[in-house]
Amino acid sequence: MKRVHIVGRKNSGKTTLIVDLVRQLRASGLRVGTIKHTHHRHELDVPGKDSHRHREAGAETVAILSPALTAVYFDNDGDRGPAGYATIDHAFADCDIVLVEGDLSASAPQVEVWRKECVEPPYASERAAISAVVTDDPAPGIAHVWPRSDVPALAKRLLELVRASGAP
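Position in the sequence shown (first residue = 1) + 525 = the working numbering.
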């Protein structure tokens, strides 16, 4: 999976940047996938719906297939860690790039969104795995700063990061 992680502190603008990047990359004719990574345990299925009842009955995997949307639910055992991406890799096979919101522990390329309102310093000041900080604010001590306001240039740089990572 050709993925790059957009990381950052809470309310740093990760989701807004991803939305802007998806639009830019799609306008360039690329196929884009996104993943929202969270460390919270969210229940995505709705109690009382048939699919939820199937899961409650013990089905290991449950899918919802409709003309508009397909969803597959399966329980993570909590021990999958980064291997969790391998379980959904096939769903992104046709994507030119996959933007993942979050997951500082990932081994894939990472860029951080940061702004001075975050108060705390960028993660990049402590984590060498972060390739660059995306911001329009001064970021003292950060070697690679990419301007947030230049979305076309950001999209190009993310594609270069993915290519350099050697992801299939």
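We treat Cβ as the ideally placed atom computed from N, Cα and C, and that holds for glycine. Computed from a predicted model, the values in this text were never measured in an experiment.
Classification of V529 by the beta-carbon crowding that lies within 10 angstroms, buried from 16 upward:
Counting from one through the sequence shown, the residue named residue 529 turns up at place 4. Answer is buried; the Cβ neighbour count reaches 16.
**Report entry** Per-residue DSSP class, three states only, for K574
**Finding:** Along the sequence shown, read from residue 1 onward, the residue named residue 574 stands at position 49. Note: K574 maps to coil in three-state DSSP.
- prompt: Got a sec, what are the start and stop residues for the beta strand (DSSP E) E637 sits in?
  reply: Against the sequence shown, residue 637 aligns to sequence position 112. Q635 to V638 is the span of the beta strand (DSSP E), which, as asked, contains E637.
Note to self: Excluding the 5 residues flanking A678 on each side, which residues of the same chain have their C-beta closer than 8 Å to its C-beta?
What the structure shows: Within the sequence shown, residue 678 is the residue found at index 153, counting from 1. The answer, listed in chain order, is W671 and P672.
Practice task
Using the Cα positions of A680 and L542, report the straight-line distance between them to the nearest angstrom.
Solution key: Translated into the one-based positions of the sequence shown, residue 680 becomes position 155. Translated into the one-based positions of the sequence shown, residue 542 becomes position 17. Taking the straight line joining both Cα atoms gives about 10 Å.
Point to revise | alpha helix (DSSP H) runs wholly inside the region 539-566, at least 4 long, in chain order | key: 539-552
Worksheet item: If we call anything under 8 Å between Cβ atoms a contact, is V676 one with D570?
Response: As a working mapping, residue 676 is identified with position 151 in the sequence shown. As a working mapping, residue 570 is identified with position 45 in the sequence shown. It is not a contact, given that the beta carbons lie outside the stated cut-off.
Discussion item. In the DSSP output, what is E626 paired with across the bridge?
Written reply: Within the sequence shown, numbered from 1, the residue matching residue 626 stands at position 101. Partner(s): I531 and K561.
- request: Determine the direct distance from the alpha carbon of L594 to that of G533, and round the result to whole angstroms.
  value: As a position in the sequence shown, residue 533 is number 8, starting the count at 1. As a position in the sequence shown, residue 594 is number 69, starting the count at 1. Taking the straight line joining both Cα atoms gives about 30 Å.
Could you tell me if P607 is buried or exposed, where buried requires 16 or more neighbouring beta carbons within 10 angstroms of its beta carbon?
-> Counting from 1 along the sequence shown, the entry for residue 607 is found at position 82. Confidence in P607 is poor, its pLDDT being 46 and thus under 50, which makes the residue's placement too unreliable to answer from.
Query raised in the report: Would the beta-carbon of H562 fall within 8 Å of that of V659?
Result: The residue labelled residue 562 in the question sits at position 37 within the sequence shown. The residue labelled residue 659 in the question sits at position 134 within the sequence shown. No, Cβ-Cβ distance for H562 and V659 is not below 8 Å.
*Would you check whether the ligand FAD has a heavy atom nearer than 7 Å to the C-beta of P677?*
The model on display carries no ligand, and the ligand FAD is accordingly not part of it.
Check whether M526 and A631 have beta carbons under 8 Å apart:
Locating residue 526 in the sequence shown gives position 1, counting from the first residue. Locating residue 631 in the sequence shown gives position 106, counting from the first residue. No, these two residues do not count as a Cβ contact at 8 Å.
**Asked** Which residue's Cα is closest to the Cα of D621: R551, L555 and C643?
**Response** As a first step, residue 621 is located in the sequence shown; it is residue number 96 there, counting from the start. With distances taken between Cα atoms, D621 lies closest to L555.
Looking at P634: is its Cβ nearer than 8 Å to the Cβ of L590? As a position in the sequence shown, residue 634 is number 109, starting the count at 1. As a position in the sequence shown, residue 590 is number 65, starting the count at 1. Result no, Cβ atoms of P634 and L590 do not sit closer than 8 Å.
Over what stretch of residues does the beta strand (DSSP E) that includes A657 continue unbroken? Sequence index remark: in the sequence shown, residue 657 carries index 132 (1-based). I655 to V659 is the extent of the beta strand (DSSP E) around A657.
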